[in-house]
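Residue numbers (the working numbering), protein chains in the order written: chain A, 396 to 944; chain B, 13 to 113; chain C, 377 to 538. Beta carbons: idealized from backbone N, C-alpha and C, even for Gly. To start, the structure itself, in structure tokens.
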């Protein structure tokens with residue numbers, strides 16, 4: 396993974412000093428809250444329901460054990476012993492004190508981490524496939540692109556005061572595990588007929604109030620021209636994006652209102668004017684960055700013992716079935732760590748758990764960990780012969796729930812329990828659903844089902860792209876929940892459709908039960924929930940939910 | 013008649029506070045000064061505004077409260093959660109805080 | 377109060393209202409509306425002329441006249457409005473404007489570095505500003521990943537030089 400050189404370190408260190416000075420000026424009165432607020436946000440510090448919340452960047456969801464240990468230290472020393480992994484591969488600490496925030500950032504800088512641009516109207520964390528570098532269907536590791544974008548977008552002088560936040564995602568595989576089509580810019584690594592690698596460029600995806608799927612504005616962009624093309628898109632957006640209405644300020648609205656063809660013309664015209672003749676980034680620099688993502692030195696592995704354990708230990712076999720994915724290297728595996736134990740807040744990890752994951756990463760995953768946008772962790776380089784011991788290590792710390800991609804693997808934003816923007820609570824609903832479907836046998840029988848819950852229309856729980864999506868809203872002081880069906884975050888991305896009137900808090904969990912039962916009753920030939928839904932449509936589900944009364 | 017109290021956050025720590033009967037700030041909503049008129053509302057906002065200027069608190073605002081045994085309790089769910097903390101067990105050693113509904 | 381080229385400076389320019397009298401003695405800054413109305417007069421003005429553009433004013437319209445202006449002031453209606461950063465870069469890099477580029481309106485001291493890197497040479501400080509504090513903010517972060525209009529080397533270039 397990428398390691399800072401002296402320049403990266405200098406930037407982050409000076410940024411900490413700058414923020415320390417800004418906090419001091421806030422505390423001594425030289426800066427008013429109105430002036431301080433955008434500066435605080437540019438360093439990821441929000442004022443939330445109960446306290447300040449700090450969102451730390453985990454670039455493209457990759458971190459080392461040393462970094463994970465520092466996150467554990469921060470949770471213990473500055474917070475209340477835990478952190479929350481988010482749907483954008485970042486981590487949030489809910490109880491940061493403003494007075495201590497510069498110290499937190501200073502500690503993070505020691506391990507090459509920061510909270511730069513995790514909030515504010517800037518370019519946010521560029522996210523990637525959590526299986527980057529190890530997935531069998533990958534064309535190229537998207538994290539090289541992500542690191543190039545990360546540096547280019549950090550403290551970019553022209554794009555630090557955009558109309559609204561800006562999110563970029565990159566995928567390098569045929570299966571899109573990065574949900575690129577619901578990002579402001581989605582980049583898909585592709586090969587053209589001449590076997591050159593480049594990007595399909597999609598723009599204007601997003602969730603929130605007006606969910607949209609991104610549109611392709613360029614089928615193939617040569618890699619050499621990535622940064623200039625991104626500059627063209629961002630410049631068109633910076634100048635023309637709406638600034639009169641916060642809810643219409645994302646690039647998806649600009650693309651929609653301009654029309655994708657006209658928008659494309661504007662971008663291409665700007666790009667033609669600003670591009671250089673040669674590559675945007677010196678090839679030596681690209682090669683330098685790419686070297687950090689070269690495949691590690693894998694060993695040859697004897698998997699006989701592992702295969703035997705699959706027969707001997709049913710619980711282990713269940714875990715492998717749900718949580719272990721095939722690796723592109725023979726004898727290796729990608730092991731997911733579920734942060735969704737029964738009845739717990741999805742995506743939370745205690746400091747002890749973080750330390751445990753760090754230790755296991757050193758022992759079993761070549762010191763590398765990933766964060767997924769479904770709020771789980773991944774150990775990307777595990778020998779099959781180590782899986783059994785890894786699983787035992789995870790079990791000791793409550794990290795071995797065998798529910799990845801199943802209904803128990805619920806994605807939920809923090810909701811009204813934490814978030815100042817929320818209209819309803821999401822975590823208690825997740826907990827109740829989790830308990831209702833606690834039987835792993837039942838979860839496996841149901842099969843892949845991605846259930847996502849958001850506590851407000853900002854959709855940080857990504858409910859629009861849940862197979863079952865739940866949106867909590869406030870109706871005259873009551874928390875009620877709208878259900879959507881058929882959303883998808885993969886390469887066939889789709890926005891879920893509302894099924895009918897919202898459910899009261901006490902009825903929503905049973906509604907999910909009804910939906911699942913309806914699916915089981917209708918499915919054919921090993922169809923997943925989302926396949927059955929696409930075949931039969933909304934009608935049977937609507938009838939089961941609403942006509943029964 | 014709607015009753016109000018003032019809430020804000022400590023500037024330094026960010027924790028939730030309420031303007032109390034003694035003119036100071038308390039982390040317990042039960043200690044809130046309860047206002048019974050528009051004039052009192054304005055007066056409270058003025059005091060709170062000066063505390064914000066003095067960098068004691070940040071973002072003060074009025075909340076609707078009801079009075080239960082002489083103590084304030086917020087009317088809206090959002091403010092109840094602010095007062096009582098997350099409605100779920102959220103940290104390894106934290107006791108479950110007062111539930112909302 | 378004005379900061380120009382990294383130091384506190386005297387402001388020799390006078391901003392003229394749209395119906396104000398054109399001074400023959402001082403360099404004047406006029407709005408786009410005034411430029412449109414009195415273009416001929418201003419083209420033969422005996423002191424330098426500067427143009428003040430709002431964030432909504434179209435750049436294309438004045439590009440043919442760029443060499444008439446010794447100064448262009450870009451107005452920030454709010455410090456959250458980032459359009460002038462793009463406009464400034466376009467003026468410098470696309471259209472080759474070599475006159476003074478001044479940031480006026482709502483600018484924060486912590487934006488100073490972004491401003492200089494986008495090509496601004498001067499900033500008009502909001503009333504009550506501490507000029508020394510602004511100067512300190514000018515080099516809070518000495519390295520940057522992106523090319524700058526002031527010609528300083530970006531990090532990728534520095535890496536290649538090693």
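Rounded to whole angstroms, the separation of the alpha carbons of residue 458 of chain C and residue 651 of chain A is 22 Å. Ranked by Cα distance from residue 476 of chain A, the options A/491, A/482, A/484 and A/485 are led by A/491. By the Cβ neighbour-count rule, residue 539 of chain A is buried, with 16 or more other Cβ atoms within 10 Å of its own. Annotation: the region 511-562 of chain A contains the following complete segments of the alpha helix (DSSP H) (minimum length 4 residues), in chain order: 537-548. Contact between the region 814-831 of chain A and the region 846-863 of chain A is present: three or more C-beta pairs spanning the two stretches fall below 8 Å. Residue 443 of chain A has its alpha-carbon roughly 14 Å from the corresponding atom of residue 92 of chain B. Residues of chain B with a Cβ closer than 8 Å to the Cβ of residue 422 of chain A are, in chain order, 23, 24 and 67. If you look at residue 879 of chain A, you'll find it in the beta strand (DSSP E) that goes 873-880. Non-local C-beta neighbours of residue 475 of chain C in its own chain, meaning closer than 6 Å and more than five positions away in sequence, comprise 445, 446 and 447, ordered along the chain. Ranked by how close their Cα comes to the Cα of residue 72 of chain B, the residues A/794, A/428 and A/590 have A/428 in first place. Residues of chain A whose Cβ lies closer than 7 Å to the Cβ of residue 99 of chain B are, in chain order, 812, 820 and 823.
Exposed is the label assigned to residue 641 of chain A, since fewer than 16 other Cβ atoms lie within 10 Å of its Cβ.
Within the DSSP secondary-structure output, residue 479 of chain A pairs in a beta bridge with A/487 and A/743.
Measuring C-alpha to C-alpha distances from residue 898 of chain A to each of A/818, A/867, A/912 and A/890 identifies A/867 as the nearest. Bounds of the alpha helix (DSSP H) holding residue 715 of chain A are 709-718. Taken atom to atom, the span from the alpha-carbon of residue 439 of chain A to that of residue 632 of chain A is near 23 Å. In this structure, residue 493 of chain A keeps its C-beta atom at 8 Å or more from the C-beta atom of residue 455 of chain A.
With respect to the C-alpha of residue 536 of chain C, the residue from A/577, A/684, A/509 and A/661 having the closest C-alpha is A/684.
Beta-bridge analysis with DSSP links residue 697 of chain A to no other residue. When C-alpha distances from residue 395 of chain C are compared across C/378, C/414, C/534 and C/403, the shortest belongs to C/414. For residue 517 of chain C, the chain A residues whose C-beta falls within less than 8 Å of its own C-beta are 406, 409, 410, 413 and 550, listed in chain order. Sixteen is the threshold: when 16 or more other Cβ atoms of the shown chains lie within 10 Å of the Cβ of residue 478 of chain A, as they do, the residue is buried. When rounded, the separation of the alpha-carbon atoms in residue 878 of chain A and residue 830 of chain A is 19 Å. Here residue 491 of chain C really is in contact with residue 479 of chain C; their C-beta atoms are around 5 Å apart, less than 8 Å. Chain order gives the chain A residues near residue 27 of chain B as 445 and 446, where near means a beta carbon separation below 8 Å.
Bridge pairing for residue 380 of chain C: C/383 and C/498 [DSSP]. Each residue's CA atom was taken as its position, placing residue 400 of chain A and residue 612 of chain A some 35 Å apart. In this structure, the CA atom of residue 54 of chain B is about 39 Å from the CA atom of residue 510 of chain A. By the neighbour-count definition (other C-beta atoms within 10 Å, threshold 16), residue 466 of chain A is a buried residue. For residue 534 of chain C, the chain A residues whose C-beta falls within less than 9 Å of its own C-beta are 402, listed in chain order. Contact annotation: in the region 628-661 of chain A, residues whose CB is within less than 8 Å of a CB in chain C are 630, 633, 634 and 638. In its chain, beyond the 5 residues on either side, 536, 538, 688, 690 and 775 have a beta carbon closer than 8 Å to the beta carbon of residue 528 of chain A. Residue 747 of chain A and residue 498 of chain C have their alpha carbons spaced roughly 52 Å apart. Exclusion of the five residues before and after residue 390 of chain C leaves 399, 402, 403, 404 and 405 as the residues of its chain whose Cβ lies within less than 8 Å of its Cβ. Taking a 10 Å sphere around the C-beta of residue 647 of chain A, we find 16 or more other C-beta atoms and assign the residue as buried. Residue environment analysis places residue 798 of chain A among the buried positions, since at least 16 neighbouring C-beta atoms fall within 10 angstroms of its C-beta.
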